[in-house]
Amino acid sequence: MITVQDIQNQSIAGLFEQYPFLPGFFEENTLQVNEQINEKLIDYLKFLDDEEEAENRAIDKDQFLNSMTIYISQMLEFLGEDEDDGVHSISILPGTNKSGEAEQFGELKISKSEIVCIVGPTGSGKSRLLADIEWVAQKDTPTSRTILVNEEMGDQKWRVSSGHKLVAQLSQNMNFVMDLSVYEFLELHAQSRLVEDIEGVIAKIIEEANKLAGEKFELTTPITSLSGGQSRALMIADTAILSKSPIILIDEIENAGIDRKKALDLLIGEEKIVLMATHDPMLALMGDKRIVIKNGGIHKVIETSDEERKLLVDLERMDAVVQNMRTRLRNGEIIKKEDIGF
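If you want our numbering, it's the 1-based position in the sequence shown plus 38.
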């Protein structure tokens, strides 16, 4: 929570830089800073020591400072940018499966820049695990699991505030309905986050998205005309760079038609916790660990072994061949046996 002591001795220029939405608060209170912008806030407000001036403006100095701290705190909450909101880890404490049997694992801690894969048959309970994490379960869901944030009981804000989404989901089907270009879509999102360098952020997102997509697209492309792979590439890049949610869930990225390894590298490079539901053995072995779901419960947690990481090299080599074949087929080339390479 921002306090009066936090702001009163800072310069107005410094406050405007730290909180880009603050000039609007001054305008709403009909306050002009002009040549006084480099003054400390407390010095600038000395004119309110005059009782007649304070009466004319229907506000005194203490009231103004308190209102300003509330405004800053509310805006930071709305944007999901509270300074003390950094999520460094989440921990899953065991509950029960659909049969009421206790899950057989200890505390499972997942840190940022870590990839955890979720594997199991369709309908086994992968979505229930995500819902527990998103709800910050406190033994109050069907599984009776407990979710800790930074090794502490999760704050109520994660459960009730739209500005504090713990999990951002990238579903298998990305269908846009807005009549916007890629540029307009990204601009709208950046503006909602009060990003200062909007053009720079948009350029970074489109660059990263085109590294992921099988076929490049432009900022002028209507988002409704993007292919499934292009849509997924755009949303992964957008989520990695603009989303404030510390946890990203990706559902079946193997079906997205994008460069999967680059997508994961981008997300963990932005210090996200990545949970990935997958049936792809290569992706499963890319994770630091994998959660095996069975009968609605966490059946086991497996750390990726050194031997599996060695096998991953062979899987990546085979996958590179498949990806190359896909590209060549798209370009109308003829595939021959010797092109396979093994």
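The C-beta atom is built at its ideal place from N, Cα and C for all residues, glycine as well.
- A Cβ-Cβ contact shorter than 8 Å links L257 with S219.
- Along the segment 111-167, the beta strand (DSSP E) occurs as fully enclosed runs of 3 or more residues at 127-131, 146-149 and 153-157, listed in sequence order.
- Uninterrupted alpha helix (DSSP H) stretches at least 4 residues long and entirely within the segment 324-377 occur at 344-368, given in chain order.
- Using a 10 angstroms sphere on the CB of I279, the tally of other CB atoms reaches 16 or more, which defines it as buried.
- H337 counts as buried, since at least 16 other C-beta atoms from the protein chains shown sit within 10 angstroms of its C-beta.
- Residue environment analysis places Q268 among the buried positions, since at least 16 neighbouring C-beta atoms fall within 10 angstroms of its C-beta.
- Contact between L250 and A275 holds: their C-beta atoms lie close to 7 Å from each other, under 8 Å.
- In this structure, the alpha-carbon of E237 lies about 11 Å from that of Q229.
- Taking the CA atoms as reference points, F54 sits about 23 Å from A92.
- Beta-bridge pairing by DSSP links E190 to V187.
- The three-state secondary structure of S182, taken from DSSP, is coil.
- Put simply, of I373, F63, K78 and E65 the residue whose alpha carbon is nearest the alpha carbon of N47 is K78.
- Here A96 carries a coil assignment [DSSP, helix/strand/coil].
- In this structure, the straight-line span from the alpha carbon of K254 to that of N248 is close to 5 Å.
- In this structure, P260 sits away from R183, with a CB-CB distance that is not shorter than 8 Å.
- Each of T68, I108 and G370 was checked against the Cα of V42, and the nearest Cα belongs to I108.
- Annotation: the segment 235-274 contains the following complete segments of the alpha helix (DSSP H) (minimum length 4 residues), in chain order: 236-250.
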